[in-house]
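Inspection log for the structure reproduced underneath, given as structure tokens.
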DNA sequence: GTCTATACCGTGATAGAC
DNA sequence: GTCTATCACGGTATAGAC
């Protein structure tokens, strides 16, 4: 990327791109992917539809860019924390406080069967989470804080699954305490 | 509905409707909801687009009909079984063998944030599952087969969440043993 | 109940001027 | 980089024959 060589040359274009991306994320979360038109994104971003297409040649590209942005956030969140399971629980708890975020997540999930980009995003995300969490479970088993009879990989899968599944239930009824259910499951895995 | 008064009068129309519905379900599972056109459904069902519109005036109506059909199947499956948790695990295991079914499920879930019909369907589905499963957990606690310190409702939520969450992971990688993860979680809840 | 034909409008996408 | 103009397609709708 030449952006670092001469930042000013692309600064304006980059700023535009970022602004569009923020609008797109807002639209996807608010209206859903399929109910969001390029014209609406363009309107909210203050340029014409063709102007928008200069930055993102296809709607799919907008979708992809949103995915990539989220991936950066995820990776940073996970790597910044030594405590993968704690950060999973905290992330779930935090998600409930950010309007539209869980909606967006569900929208992205709904695209998985039909978009290779969406699949790629989630595969990477899950691989990372699974390996970090199962490693932590193994460590817990060595420390005697986690039941020694658990298969670390299955346990990690189950923990992540609870987090995802509870987002669905929360979306249907915001009274559902999604983080509590994840913590509950994690405590079941604790040494007896 | 007058269908019961004189069945023959509507038998042909009903058969057509059912055939269309089967095609629509196939299309949604294969192509996704948003990639399925009314014209394509009509083509596969062997009638014209206008003919299709006679039975289902809007695409949303097709979607709704698919939901209702699934709801019937679900209700029958759950009520036919005394063993709600066992039937949950069996359902998850069976889902992996029916092509497109998990895809369809994800597609429907993806519509939740934007379709009242989809929300209504899932709310009813989860309420039923949660109450049946939590009741069974309470019974297990009385029988001494389930840990007495568990909150039955939270445990039921977590079990359902694992089932849903594992479908996501399975969609990304069919090697994931989704039913095993549900069983694993259920065994964590067993009396120690 | 089903067809053909036709039309309206919103959508994603392209071409080419500035 | 942004625009106008234009396109083809899809969801929806209607009229009218059979």
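Residue numbers (the UniProt record's numbering), protein chains in the order written: chain A, 1 to 192; chain B, 1 to 192.
Here a beta-carbon is modelled for each residue, glycine too, at the ideal position from N, C-alpha and C.
Considering only residues of the stretch 41 to 75 of chain A, which uninterrupted alpha helix (DSSP H) runs meet the minimum length of 4 residues and lie entirely inside it, listed in chain order?
Taking only runs of at least 4 residues, the alpha helix (DSSP H) segments lying wholly in the stretch 41 to 75 of chain A are 49 to 55.
Look at residue 161 (chain B) and residue 166 (chain A) and say whether their C-beta atoms are less than 8 angstroms apart.
For the purposes of this step, residue 161 (chain B) is identified with residue 161 of the second chain, where counting begins at 1. For the purposes of this step, residue 166 (chain A) is identified with residue 166 of the first chain, where counting begins at 1. Yes, the pair counts as a contact, with Cβ atoms nearer than the cut-off.
Taking residue 41 (chain A) and residue 66 (chain A) to be in contact with their CB atoms under 8 angstroms, please state how far apart those CB atoms are, rounded to whole angstroms.
Here residue 41 (chain A) refers to the residue found at position 41 when the first chain is read from its first residue. Here residue 66 (chain A) refers to the residue found at position 66 when the first chain is read from its first residue. Their Cβ separation, rounded to whole angstroms, is 11 angstroms, which puts residue 41 (chain A) and residue 66 (chain A) out of contact at 8 angstroms.
Alpha carbon to alpha carbon, how far is residue 76 (chain A) from residue 87 (chain A)?
Here residue 76 (chain A) is taken as the residue at index 76 of the first chain, counted from 1. Here residue 87 (chain A) is taken as the residue at index 87 of the first chain, counted from 1. Approximately 11 angstroms, taken between the alpha carbons.
Can you tell me whether DSSP reads residue 162 (chain A) as helix, strand or coil?
As a position in the first chain, residue 162 (chain A) is number 162, starting the count at 1. Of the three classes helix, strand and coil, the one that applies to residue 162 (chain A) here is helix, per DSSP.
Please confirm if the stretch 131 to 138 of chain B is in contact with the stretch 144 to 162 of chain A, defined as three or more CB-CB distances below 8 angstroms between the two stretches.
No, the stretch 131 to 138 of chain B is not in contact with the stretch 144 to 162 of chain A.
Report all residues from its chain with a CB closer than 7 angstroms to the CB of residue 148 (chain A); omit the five preceding and five following residues, and keep chain order.
The sequence position of residue 148 (chain A) within the first chain is 148, counting from 1. Within the same chain, residue 148 (chain A) has close Cβ partners 141.
What span of residues does the alpha helix (DSSP H) with residue 151 (chain B) cover, start to end?
For the purposes of this step, residue 151 (chain B) is identified with residue 151 of the second chain, where counting begins at 1. No alpha helix (DSSP H) holds residue 151 (chain B); DSSP gives it neither H nor E.
Per DSSP, which one or two residues make a beta bridge with residue 146 (chain B)?
Residue mapping note: residue 146 (chain B) aligns to position 146 of the second chain, counting from 1. Residue 146 (chain B) pairs with B:190.
To the nearest angstrom, how far is it from the Cα of residue 101 (chain A) to the Cα of residue 73 (chain A)?
On the first chain, position 101 is the one that residue 101 (chain A) refers to. On the first chain, position 73 is the one that residue 73 (chain A) refers to. Rounded to whole angstroms, residue 101 (chain A) to residue 73 (chain A) spans 13 angstroms at the Cα level.
Since residue 63 (chain A) and residue 154 (chain B) are thought to touch, with beta carbons under 8 angstroms apart, how far apart are those beta carbons, to the nearest angstrom?
Residue mapping note: residue 63 (chain A) aligns to position 63 of the first chain, counting from 1. Residue mapping note: residue 154 (chain B) aligns to position 154 of the second chain, counting from 1. Not confirmed; about 35 angstroms, so no contact.
Would you mind giving the Cβ-Cβ distance between residue 171 (chain B) and residue 103 (chain B), rounded to the nearest angstrom? I have them listed as a contact below 8 angstroms.
As a first step, residue 171 (chain B) is located in the second chain; it is residue number 171 there, counting from the start. As a first step, residue 103 (chain B) is located in the second chain; it is residue number 103 there, counting from the start. Correct: roughly 7 angstroms between the Cβ atoms.
Measuring only the C-alpha atoms, how far is residue 33 (chain A) from residue 97 (chain A)?
Position 33 of the first chain, counting from 1, holds the residue named residue 33 (chain A). Position 97 of the first chain, counting from 1, holds the residue named residue 97 (chain A). Looking at the two C-alpha atoms, the distance is approximately 21 angstroms.
When Cβ atoms are compared, which residues of the stretch 156 to 176 of chain A fall closer than 8 angstroms to chain B?
157, 158, 160, 161, 162, 163, 164, 165, 166, 168, 169, 171, 172, 173, 176
Taking only beta-carbon positions, decide if residue 141 (chain A) is within less than 8 angstroms of chain B.
Stepping through the first chain from its first residue, residue 141 (chain A) is reached at position 141. Not closer than 8 angstroms to any Cβ of chain B, the Cβ of residue 141 (chain A) fails to qualify, so no.
At the 8 angstroms Cβ level, is residue 126 (chain B) part of the contact set with chain A, yes or no?
Indexing the second chain from 1 puts residue 126 (chain B) at position 126. Chain A, which has a Cβ nearer than 8 angstroms to the Cβ of residue 126 (chain B), makes this yes.
Please report the distance separating the alpha-carbon of residue 38 (chain B) from that of residue 49 (chain A).
Along the second chain, one-based indexing puts residue 38 (chain B) at 38. Along the first chain, one-based indexing puts residue 49 (chain A) at 49. Cα-Cα distance, rounded: 27 angstroms.
What distance in whole Å lies between the Cβ atoms of residue 55 (chain B) and residue 20 (chain B), which are believed to be in contact at a cut-off of 8 angstroms?
Looking up residue 20 (chain B) in the second chain gives position 20. Looking up residue 55 (chain B) in the second chain gives position 55. At roughly 6 angstroms, the Cβ-Cβ gap stays under 8 angstroms, so residue 20 (chain B) and residue 55 (chain B) are in contact.
Name the chain A residues that come within less than 8 angstroms of residue 192 (chain B), Cβ to Cβ?
As a working mapping, residue 192 (chain B) is identified with position 192 in the second chain. Within chain A, the residues near residue 192 (chain B) are 192.
Can you give the beta carbon distance from residue 110 (chain A) to residue 107 (chain B), rounded, assuming they're within the 8 angstroms contact cut?
The residue labelled residue 110 (chain A) in the question sits at position 110 within the first chain. The residue labelled residue 107 (chain B) in the question sits at position 107 within the second chain. That pair is a contact at about 6 angstroms.
For residue 118 (chain B), which residues of its own chain have a beta-carbon under 7 angstroms away from its beta-carbon, when the five flanking residues on both sides are left out?
Translated into positions along the second chain, residue 118 (chain B) becomes position 118. 67, 108, 111, 112.
Note down, in chain order, every chain A residue with its Cβ under 9 angstroms from the Cβ of residue 189 (chain B).
Working through the second chain from its first residue, we reach residue 189 (chain B) at position 189. For residue 189 (chain B), the chain A residues whose C-beta falls within less than 9 angstroms of its own C-beta are 188, listed in chain order.
Run down chain B in chain order and give the residues with a C-beta less than 7 angstroms from the C-beta of residue 106 (chain A).
Here residue 106 (chain A) refers to the residue found at position 106 when the first chain is read from its first residue. Those are 109, 110, 112, 113, listed as they occur along chain B.
Mark residue 83 (chain A) as exposed unless 16 or more other C-beta atoms lie within 10 angstroms of its C-beta, in which case mark it buried.
In the first chain, counting from the first residue as 1, residue 83 (chain A) sits at position 83. Around the C-beta of residue 83 (chain A), fewer than 16 other C-beta atoms lie within 10 Å, and the residue is accordingly described as exposed.
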